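In what follows, a single structure is set out as structure tokens and then discussed.
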Amino acid sequence: MHSAQSSFLWVSEGTEITTEAKPSLQLPSRTWIITENLEALSFFMTQQDIDDGHKPGFVAAKFLCYPKDDPKKLAFMRIYRQIPIFGSEFAPSSIRASQAMPQKSNRELTAFKTLKHLACPVVPQLLGYQEGTQGDNEIVPGGYEILIVWEKVPGEPLSQDYFWSLNEQQRDSIREEFHQVYQQLLWCGFQPFMATSSKLIYDESTGKIHISGFRMAAPCDTNKRFRKADYVMYGLAKRSDRTGWYNDDSEWKW
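What follows is the structure, encoded as structure tokens:
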């Protein structure tokens, strides 16, 4: 699989997209208005990859949006869309349509639905989603398309530069908040894949943290408990170079 910035999925600002009601999760039907294209990454698969049993390639594009009935409530939207086998992007539509495959599951949507069902209070809330197939004029006619909308919580991703510029008391307060929210997330059975401080959305005005970044969500044992090493994993402490640092924090930088 090869990844690259993508032009497969670009949505014009002002475009309206509607998600249908999902009564089981108490999600109403809403129309969302796109305000900004944030990123689009394509993950290509070759014919050999497909022959080896891999899932088809896809593009994942992220947008800033808001509900039409509440312009002040900002949200994020991600759209997943199947793309053609590498090298067949300009093949006739009938050939691209023959590559269409269903998407059996989507990690991010599975995580958001589970966390919504469990009313997890420390993550952005799922606001809507849609699962369907591409139209005849799309890049892979009949190929899957999945759309997810979640709230934009107050605050900004916690950067390493910002965190380590704070005084010791401020850093300790952030660690204490992180300890509490991360344990609550673990109880719900999910965690972000590739732990970084940027997955922590920190609201400086309240000291509150939400955990985000579920595009590559990883299930975990609901009995899993917070460990001091989690501070290191999320950039909130710096480990020593000693062998066995994982169980010995005596020389960590706090």
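Take 36 as the starting number for the sequence shown in my numbering and just add one per residue.
Ideal Cβ placement from N, Cα and C applies to all residues, glycine included.
Please read all numbers here as calculations on a predicted model, not as lab measurements.
**Prompt:** Under a three-way DSSP split, which group does N282 fall into?
**Reply:** Residue 282 sits at position 247 when you count from the first residue of the sequence shown. Here N282 sits in helix by DSSP.
Top-ranked residue by Cα proximity to H152, from R262, F261, Y101, P58: Indexing the sequence shown from 1 puts residue 152 at position 117. The shortest Cα separation from H152 among R262, F261, Y101, P58 belongs to P58.
Where does Q226 sit, in a helix, a strand or coil, going by DSSP? Stepping through the sequence shown from its first residue, residue 226 is reached at position 191. DSSP places Q226 in strand when its eight states are reduced to three.
Query - Boundaries (first-last residue) of the alpha helix (DSSP H) holding Q82 - result: Numbered from 1 along the sequence shown, position 47 holds the residue referred to as residue 82. 82-86 is the extent of the alpha helix (DSSP H) around Q82.
Chain-order list of residues whose beta-carbon lies under 8 Å from that of E48 (same chain, five-residue window excluded) | For this step, residue 48 is matched to residue 13 along the sequence shown. Once the five neighbours on either side are set aside, the close Cβ partners of E48 are I69, T70, E71, N72.
Checklist entry - Relative to the C-alpha of F261, which residue among N282, T81, H214, P156 is closest? => result Numbered from its first residue, the sequence shown carries residue 261 at position 226. Minimum Cα distance to F261 is reached at H214.
Exercise for the section: To the nearest angstrom, report how far apart L201 and A253 are at their CA atoms. Expected result: As a position in the sequence shown, residue 201 is number 166, starting the count at 1. As a position in the sequence shown, residue 253 is number 218, starting the count at 1. Their Cα atoms are separated by approximately 30 Å.
* **Residue burial classification, A96 (beta-carbon count within 10 angstroms, cutoff 16)** => Counting from one through the sequence shown, the residue named residue 96 turns up at place 61. Burial call: buried.
Is the separation between the beta-carbon of P159 and that of I236 shorter than 9 Å?
To locate residue 159, count along the sequence shown from 1; it is residue 124. To locate residue 236, count along the sequence shown from 1; it is residue 201. Yes, these two residues count as a Cβ contact at 9 Å.
Evaluate M80 with the Cβ neighbour count: other Cβ atoms within 10 Å of its Cβ, from every protein chain shown; 16 or more gives buried, anything less gives exposed.
The residue you call residue 80 lines up with position 45 of the sequence shown. Classification for M80: buried.
DSSP state of H214 mapped onto helix, strand, coil = Taking the sequence shown and counting its residues from 1, the one referred to as residue 214 is at position 179. It is helical.
Fill in: Endpoints, beta strand (DSSP E) assigned at Q195
Looking up residue 195 in the sequence shown gives position 160. Segment 195-200 is the alpha helix (DSSP H) holding Q195; no beta strand (DSSP E) there.
According to DSSP, is H21 part of a helix, a strand, or is it coil? Residue coverage of the chain in this structure runs from 36 to 289, which leaves residue 21 outside it and unanswerable.
Original post:
In terms of residues, what are the limits of the alpha helix (DSSP H) holding K151?
Top reply: Along the sequence shown, read from residue 1 onward, the residue named residue 151 stands at position 116. Taken as a continuous stretch (DSSP letters only), the alpha helix (DSSP H) holding K151 covers 142-152.
May I ask which residues mark the beginning and end of the alpha helix (DSSP H) holding D265?
-> By one-based count along the sequence shown, residue 265 stands at place 230. Start and end: 264-268.
Requested in this report: May I ask you to report which of helix, strand or coil DSSP gives S59?
Outcome: Reading the sequence shown from its first residue, position 24 is the one you call residue 59. Reduced to three states, the DSSP call for S59 is helix.
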